[in-house]
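Notes follow once the structure below has been shown.
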Amino acid sequence: MRRRVLGKKFFDEPTLDVARSLLGKYMVRRRGKTEKAYMITEVEAYDGPRDKASHASHGRTPRVEVMFGEAGKLFVYFTYGMHWMLNVVTGPKDYPAAVLVRGVEGINGPGRVTKKLLVDKKLNGKKAAPSSGLWFEDRGIAIRRSAISRTSRIGVSYAGSYWASRKYRFVLSV
DNA sequence: ACGATGATGAAC
DNA sequence: TTCATCATCGTA
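Positions 191 to 364 (my numbering) are the ones given, in order, by the first sequence.
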């Protein structure tokens, strides 16, 4: 099987492009000797300091510092008192942007993804790479444009009508 | 439908 | 220092 680990070059692109490109790619998790790969089926883009749905719209706080950093780093934060959210940083340094992984094959919901893959704050700020135990791979699956649907993002009504209605969510239809 | 559960930022 | 708000999920 053809495998290519996705690195900085892949993620250092416009957030929306990266989000769409991640569909059909694989997220690989290694814990000790066991390694599991899951095809990515649902993502959301959070794009820049003016995106009111992005936590980075409040400025460069410790919680979101990683979003301002290097593309290809993992951004993990805690919400709703019980869920970890897994993102990967995109675009240039000092431009806060990331893609939230909302679903993978067989697992729907960002909180379930992190629970299943045992993701928590220990991964925050780590590079998405085999050395950190969590990374992304291109395994040669081609995704047709027609297999991708775009919708507005989930749970961001607080962001105001403009930002809440941006079609920044990408879903791979079965 | 709503409660669990806690970090965050804004208000006071 | 308190408070409402949340990129949610499970149970109902």
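Beta carbons: idealized from backbone N, C-alpha and C, even for Gly.
In the three-state scheme derived from DSSP, where H, G and I count as helix and E and B as strand, V346 is classed as coil. In this structure, the CA atom of T304 is about 20 Å from the CA atom of E255. Measuring C-alpha to C-alpha distances from V279 to each of L196, K242 and T231 identifies L196 as the nearest. For the set Y285, Y358, K198 and K199, the Cα lying nearest the Cα of S247 is the one of Y285.
Of the other Cβ atoms in all chains shown, 16 or more fall within 10 Å of the Cβ of S244; this residue is therefore buried.
In the three-state reduction of the DSSP assignment, D207 falls in the helix class, which pools H, G and I. Between F326 and Y236 the beta-carbon gap is near 17 Å, outside 8 Å, which marks them as no contact.
Proximity to M229 across P204, R329 and M191 peaks at R329, based on C-alpha coordinates. Rounded to the nearest angstrom, the gap between the Cα atoms of L324 and R240 is 29 Å.
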